[in-house]
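Okay, structure first, notes after.
2 protein chains.
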Amino acid sequence: MVAPLRIALAGLGTVGAGVIRVLETNGALIARRAGRPIEIVAVSARDRSRDRGVDLSAYAWEDDMSRLAARADVDVVVELVGGADGPALALARGALAAGKGLVTANKAMIAHHGLELAQAAEDAGVALRFEAAVAGGIPVIMGLREGAAANALSRLYGILNGTCNYILTTMEHTGRDFAEVLSEAQALGYAEADPTFDIDGIDAAHKLAILAAIGFGAQIDFGAVETEGIGRLKAADFAQAAELGYVIRLIGLADCDEDADGARRLFQRVQPYLVPRGHPLAAVDGATNAVVIEGNFAGRLLFQGAGAGAGPTASAVVADLIAIARGQAGTPFSVPAAELEPVPPAGAGHRRNRAYLRFTVTDRPGVLAEISAAMRDAGVSIESLIQQGRPEEGGEVLIAMVTHEGPESAVSAALALLEGSPSLTEPPLVMRLLG
Amino acid sequence: MVAPLRIALAGLGTVGAGVIRVLETNGALIARRAGRPIEIVAVSARDRSRDRGVDLSAYAWEDDMSRLAARADVDVVVELVGGADGPALALARGALAAGKGLVTANKAMIAHHGLELAQAAEDAGVALRFEAAVAGGIPVIMGLREGAAANALSRLYGILNGTCNYILTTMEHTGRDFAEVLSEAQALGYAEADPTFDIDGIDAAHKLAILAAIGFGAQIDFGAVETEGIGRLKAADFAQAAELGYVIRLIGLADCDEDADGARRLFQRVQPYLVPRGHPLAAVDGATNAVVIEGNFAGRLLFQGAGAGAGPTASAVVADLIAIARGQAGTPFSVPAAELEPVPPAGAGHRRNRAYLRFTVTDRPGVLAEISAAMRDAGVSIESLIQQGRPEEGGEVLIAMVTHEGPESAVSAALALLEGSPSLTEPPLVMRLLG
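These protein sequence lines map, in sequence, to chains A and B. As numbered in this note's numbering, the first sequence has no gaps in its residue numbers, which increase by one up to the final residue, 435. As numbered in this note's numbering, the second sequence has no gaps in its residue numbers, which increase by one up to the final residue, 1435.
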């Protein structure tokens, strides 16, 4: 048998314990597939005494996580600490600088520092892999780097946050409001005590930025992701979407087109979308994730599965370790880091879409005329209109409409005309229809 | 730039021409991702003069396909001729024996000779890859070999034949009968003039046998796939399935369990199944393929996309070439060929299922009592019964039922009791419910 791949684990939360469990349970099978055993040599976490349901006695313990990178008996450091900066980033830099491979599930760190880390890994001639950072157990990074490698992509998009999808599909099925469903999701463990990262779309934006960089050969640009969360959705939006034949999903979407002057522009958006009922993403329920890759030869490829959880995420971490053990790690972003292009963000204005617009208005005459006039003056053509007759609490009425396809700038102009109108009791909500 | 990967193409049908088109259209992108260009050096096909819509003038032409394997300027032979044996197999053996890598889309050849070819490739230290042989453009072999590599699989199953899925979903949507929809599919190019391989399930069985070998580390055993086609389905079956909340899909399914004596047994079946409407495979429409892999940590992974066609299949062929160009080809069946175990087939008898049974009977009193008695005597418990009251042409009546979960042997015993009964105008149809 060839020498084992010796790994060190930093972070022993649910995913870290999951990695230990995968290697314990499937170790013999993994060794056959990898061509050699994968052995945990050392571990580190904040609290040594905590019961994690796994036996740590066979592994060296380091109180100081950064020392894992210095150990001569370690080939690959597995970083499962989390956080874009701080100890996770220090460990990642230290491991690569010491000539160790690095496997991480840390989407925030890769979204912010992926280019630097990839360059460091390539300079050191070691592996950097982060399959678990995007869509948990779904091998979508492999799908991009390998499965769809022969294709120029027209776009990629998907459901990248299980918490949001759980909340949205529960709202869809129960007709209940956001706050209530969020509380329940928190009680059930589907949402964090502080759910901001998830429900504001930031977690999905991290993942999207990583996928977009790989898919379009662009330097990762998390800051350019236009991000909107799900916190403003009302039960009425779901009812109205349903009436039109749509469901609501938080979609991360990226594409890369050429400007009039031939320069590439990267568009990245995370936003609730109306998804037509026949679309594969409309059938994605609960905490499941799914990613669609559209290639110029492969057509539409869909990857679907569990987007989070100890088992699925650990499965992805160990898949990366197996690739390293096989000597098949490759370059982190498919092309060498130095060849990733700095692609400026695309403005959304000239994008053409159908849009769902929802206005919360005071129940008085003339409001609909006011909104309609703004649409007309901005050149927005309305395809269908739903006015919810029964006032909500506080005498509010919802007016929802779907526009014909047109430039996003026209919708923005219409909303600008309505800004400050005393008829509107809150800012209008805009959702695009996934085409 | 590193030296190019030099390839020879055998077979210039739609897929072969597609490979040329992929390499022409996306060549620069592919070279960046692969780390070096992929260059076609030589081609061979039956008819040199045929117009394929691609320019062949830059490539050496070999009238005798087998000479591609002998060319010193070729690194990898791409076999797109087809057929389990004959020239394709001779070329494959010749290429590997000459120390060339081999990429093929030939599911029949791999299903019949995959073990021998994998052994030959490993002995020669060259790559053998066949992503395009299963599910067209969907990277499901990569999903098994790499994405799910950390998992022991409980089962894998999917929609592996686009022609059948097109026919079944058209029958579902239109309520028309098999023969009529098949003719239309042939006219539209979705089905071959001789559709036997597709509609009898043989093509799906080839693919299933390949996936099962990789997924379960078993020597490929195409002969053991229990195979049933879609030719006996009637419009009434779809109507009755719909009433019960199901659709009908041709499913290839494999699992691998241990016997009472601890020996592994491989179960492989291709058969029309009733799929519950909420299941992801129920939403797979038209010529699309989809494969589900159930892992002990990743959970349920779904891969979906175009299962055939020049573009998707060529995309998979070139993905394999990119992996070879990167030096990441690995072992063809995930574990070395010598470690693939000869796993005997599992008998279906003790498998527990719910089943849909459909009887075509003469319209006379006592028939239902006769069938019910056979069920009772064999210990089959009926969950629901639909008797279609209106006789079909020729005075036939359909009786359909769904059983409670029970052993398949009990259903077989019941049908044996009814064998030869003059009440039945054709053999009963059995479909399992996908659980």
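Just so you know, even glycine gets a beta-carbon here, dropped at the ideal spot from N, CA and C. In this text, all values refer to a predicted model and were calculated from it rather than measured experimentally.
Opposite residue i in the DSSP bridges: which residues?
i                      : result
residue 82 (chain A)   : Partner(s): none; residue 82 (chain A) has no beta bridge.
residue 1202 (chain B) : Answer is none; residue 1202 (chain B) lacks a bridge partner.
residue 432 (chain A)  : A:273 and A:355
residue 290 (chain A)  : A:159 and A:304
residue 43 (chain A)   : A:9 and A:61
residue 1401 (chain B) : B:1357 and B:1385
residue 396 (chain A)  : A:362
residue 1077 (chain B) : B:1008 and B:1102
residue 38 (chain A)   : A:5
Rounded to whole angstroms, how far is the Cβ of residue i from the Cβ of residue j, which I believe are closer than 8 Å?
i                      : j                      : result
residue 1041 (chain B) : residue 1074 (chain B) : 6 Å
residue 167 (chain A)  : residue 185 (chain A)  : 6 Å
residue 1036 (chain B) : residue 1325 (chain B) : 6 Å
residue 1220 (chain B) : residue 1088 (chain B) : About 16 Å; that fails the 8 Å criterion.
residue 1294 (chain B) : residue 1360 (chain B) : So it is not a contact: roughly 35 Å between Cβ atoms.
residue 204 (chain A)  : residue 250 (chain A)  : 6 Å
residue 135 (chain A)  : residue 332 (chain A)  : With a Cβ gap of about 17 Å, residue 135 (chain A) and residue 332 (chain A) do not count as contacting.
residue 369 (chain A)  : residue 414 (chain A)  : Incorrect: roughly 14 Å between the Cβ atoms, too far for contact.
residue 1013 (chain B) : residue 1102 (chain B) : Actually they do not touch by this definition, with Cβ atoms about 18 Å apart.
residue 1289 (chain B) : residue 1158 (chain B) : 7 Å
residue 1244 (chain B) : residue 1358 (chain B) : That pair is no contact at about 12 Å.
residue 433 (chain A)  : residue 246 (chain A)  : 7 Å
residue 1281 (chain B) : residue 1208 (chain B) : With 8 Å as the limit, residue 1281 (chain B) and residue 1208 (chain B) do not qualify as a contact, their Cβ atoms being about 14 Å apart.
residue 1418 (chain B) : residue 1371 (chain B) : 7 Å
residue 145 (chain A)  : residue 334 (chain A)  : 4 Å
residue 1396 (chain B) : residue 1362 (chain B) : 7 Å
Consult DSSP for residue i and reduce its assignment to one of helix, strand or coil.
i                      : result
residue 387 (chain A)  : strand
residue 1193 (chain B) : coil
residue 1424 (chain B) : strand
residue 1165 (chain B) : helix
residue 303 (chain A)  : strand
residue 331 (chain A)  : coil
residue 220 (chain A)  : coil
residue 1072 (chain B) : coil
residue 1057 (chain B) : coil
residue 1341 (chain B) : strand
residue 4 (chain A)    : coil
residue 406 (chain A)  : strand
residue 284 (chain A)  : coil
residue 180 (chain A)  : helix
residue 1295 (chain B) : strand
residue 1154 (chain B) : strand
residue 19 (chain A)   : helix
residue 173 (chain A)  : helix
residue 1317 (chain B) : helix
residue 24 (chain A)   : helix
Pick out whichever of the options has its Cα sitting closest to the Cα of residue i.
i                      : options                           : result
residue 1098 (chain B) : B:1086, B:1077 and B:1111         : B:1077
residue 18 (chain A)   : B:1429, B:1138, B:1296 and B:1291 : B:1296
residue 1346 (chain B) : B:1169, B:1223 and B:1143         : B:1223
residue 1248 (chain B) : B:1266, B:1267 and B:1271         : B:1271
residue 1344 (chain B) : B:1022, B:1225, B:1132 and B:1174 : B:1225
residue 355 (chain A)  : A:335, A:237 and A:72             : A:237
residue 1259 (chain B) : B:1421, B:1011 and B:1348         : B:1348
residue 163 (chain A)  : A:70, A:421 and A:307             : A:307
residue 1312 (chain B) : B:1363, B:1150, B:1133 and B:1055 : B:1133
residue 104 (chain A)  : A:353, A:142, A:11 and A:180      : A:11
residue 94 (chain A)   : A:25, A:66, A:209 and A:82        : A:66
residue 1405 (chain B) : B:1060, B:1431, B:1145 and B:1395 : B:1431
residue 1128 (chain B) : B:1137, B:1138, B:1114 and B:1422 : B:1114
residue 1196 (chain B) : B:1230, B:1303 and B:1061         : B:1230
residue 1059 (chain B) : B:1338, B:1091, B:1009 and B:1299 : B:1009
residue 176 (chain A)  : A:278, A:137 and A:239            : A:239
residue 1275 (chain B) : B:1109, B:1190, B:1030 and B:1172 : B:1172
residue 1154 (chain B) : B:1002, B:1266, B:1330 and B:1399 : B:1266
residue 1364 (chain B) : B:1399, B:1152, B:1201 and B:1338 : B:1399
residue 256 (chain A)  : A:242, A:320, A:300 and A:156     : A:156
What does residue i touch in chain C if you count any residue whose Cβ is under 9 Å from its own?
i                      : result
residue 1271 (chain B) : The structure shown has no chain C; the protein chains it does contain are A and B.
- [ ] Note down, one range per segment and in chain order, each alpha helix (DSSP H) of at least 4 residues found wholly within the stretch 1226-1277 of chain B.
- [x] 1235-1244
Task: In chain order, each beta strand (DSSP E) run of at least 3 residues that lies wholly inside the stretch 87-142 of chain A - done: 101-104
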